[in-house]
Every structure is written in C-alpha cells, then in structure tokens.
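Asker: Position 172, counted from 1, in the sequence shown is what full-length UniProt numbering calls 172; the numbers after and before it change by one each time, with no gaps.
Beta carbons: idealized from backbone N, C-alpha and C, even for Gly.
These numbers come from a predicted model, not from an experiment.
Take a look at the following structure, please.
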Amino acid sequence: MAETRNGESSRRVAAFFDLDKTIIASSSALAFSKPLLKEGLINRRAALRSAYAQLVFSLAGADADKTERMRAEVSALCAGWDVAQVSAIVRETLHDVVDPLVYVEATDLIARHLADGHDVVILSATGEEVAAPVAEMLGATRCVATRMEIVGGCYSGQVDFYCYGENKAVAAKQQAAEYGYDLADCFAYTDSSTDLPLLEVVGHPHAVNPDKALRRVADEREWPVLPFERPMSLRTRIPARSAGMVAFGVGAVAAGATWYSLSRRRRFRAPSD
C-alpha cells in the first residue's frame, strides 16, 4: 500500500504515455514549426532542415545517436528565444496545430484510465512549453518534459533535464515516489525502443505503433502491441472526463493570444535568410 501526500493509505496507479507518435501522429515540436516560422523565430531554411531531419528520424528509426543529434540541433536553434513568446505561440495555435494529429485510440485509452481512477502522466522529450499545453488539452493529470535552461527569460541553449531514454524511467520513479504509485501496478505506452527503460520499470508495458527494435522486444517478452491508426480532431471527439480541461485550455489560448497581440512590438526575432 502506498501513502499519499495527505497521509491516506491507498494504491495509486499511473499510466505513463509517450507523446510523439504515441498520442499524436507526428512530432509535436515539428508540428509547431509553421507558426514559429510565421512569427519569425525560425527561418525557412531551419524549418526545412527540421522537416528533413524528422523525415529521416521517422524512416530510419529513433536510435539514440539520431535523437541526440536532433536534441543538440534544437537546443542550439532555440538559444535566445523569449520563453513567454514561445508559450504564447503554442497556446494560440495549439488546437489548429496539434488537434488534428491526436489518435482516437489514444484519447479513448486516456479516458479509460481516468475512468478507472488512474493518473495519466505524459513523459516527453519535447520541451515542456510545448508538451505541457498539449497534455492539458488531452486532460492528462500532469506532464514531465524536457526542461531548457532559462536565463533572463530566454533559452540559453543548454538543457536542464532531457526527458529521454533512461531519464524517462528516472522521471517515472520520481513520480512514483512523490505521488505514491506502485510501479508494479502502473502502465506505460510508447512507440520507441529508446523508451525501453521506462517500459521495464512498470508492471504493464505496452508498445504502440512500435519501431522495429521495440516490436522485436515486445514479441520476445510478450508485451501487448497496440496499433493506433486514426488521427481525428478533439473538437469532434473528446473524452467526457477531459471536457473541463479542454474548456480551460481554450480559455488559456484566448488569454495567451491577447497577451501575445499586445506584446508583438517587443518580440525577439531571429535573423532571416
């Protein structure tokens, strides 16, 4: 039995979800490249380079070397960006950019976990300014994502916590210690073999649209393999338990858009080609 922060004895269960290609049918960071380009934070060459890198990443598999190179490139790219500006762009464009990419099967599964009284925790290598609003839109209990170092309100280009690989297992263990989860009772869902450390620390691992390496491991260990195939807008298909969170998210988007409009003149803009 686990003890909660309120001192109550109970068995708490979490369902840990990867975000990209598990809940949504793409890279969340790549999905926001168009609004970032429009608002001058990246130039067209950087947007095309990121798109090409993501294509190679998708076709060749998410091995550690490729992901580390992408992490380094993204970290260097966002150095100097104003954090408030990035957050405002994400909030303003969230439903248009991410909404159509969400798998129906993922929202159904999240809804079932919530209905069973489980917490839903998204663990993502994407930066928290992007991942956290997406998690909120989905009705997740909380989100742990990559944290970039912030100096004077801007990204320094350094990473405080990279929520990737072994660090996802570290994050799950920290969540279990803080919120009283018994990891043997917990669930995990991911598409990538780089998340094996996370799958190995929970009692109920699941492979979702797995890459070749993860499918091989899942077959060997007889883990469930789930095919998610139907991206559909949350506007037309939203779990009832998440409706309140979506309403809150819409209000946040409106507030962010208002702030964003008032602050347009003092934004940092990256040089263009």
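Exposed or buried, Gly139, counting other C-beta atoms within 10 Å across all chains shown (16 or more means buried)?
Answerer: Buried: at least 16 other Cβ atoms inside 10 Å.
Asker: Which whole-angstrom value is the C-beta distance of Leu114 and Ala25, which I expect to be below 8 Å?
Answerer: Their Cβ separation, rounded to whole angstroms, is 22 Å, which puts Leu114 and Ala25 out of contact at 8 Å.
Asker: If you run the structure through DSSP and keep just helix, strand and coil, what is Asp20?
Answerer: Here Asp20 sits in strand by DSSP.
Asker: Do you know how far the Cα of Tyr155 is from the Cα of Arg147?
Answerer: Each residue's alpha carbon lies about 10 Å from the other.
Asker: Could you pull the DSSP bridge partners for residue 276 from this structure?
Answerer: Residue numbering for the chain in the displayed model covers 1 to 273; residue 276 lies beyond these limits and cannot be assessed.
Asker: Hey, could you find the ends of the beta strand (DSSP E) Val121 is sitting in?
Answerer: Per DSSP, Val121 belongs to the beta strand (DSSP E) from 119-127.
Asker: Where Gln174 and Tyr162 are concerned, what is the direct C-alpha to C-alpha distance, given to the nearest angstrom?
Answerer: For Gln174 and Tyr162, the distance between alpha carbons rounds to 14 Å.
Asker: So, helix, strand or coil for Asp182, using DSSP?
Answerer: Three-state DSSP puts Asp182 in coil, outside helix and strand.
Asker: To which residues does DSSP link Val225 through a beta bridge?
Answerer: Note: Val225 sits in a beta bridge opposite Ala207.
Asker: Whose C-beta lies closer than 7 Å to the C-beta of Ala171 among residues of the same chain, with five residues either side of it excluded?
Answerer: Leu123, Val144, Cys163.
Asker: Between which two residues does the alpha helix (DSSP H) holding Ala88 run?
Answerer: Element bounds for Ala88: 83-97.
Asker: When DSSP builds the beta bridges, which residues end up paired with Thr190?
Answerer: Per DSSP, Ala207.
Asker: Tell me which residue opens and which closes the alpha helix (DSSP H) that Arg112 is part of.
Answerer: Its alpha helix (DSSP H) spans residues 104-115.
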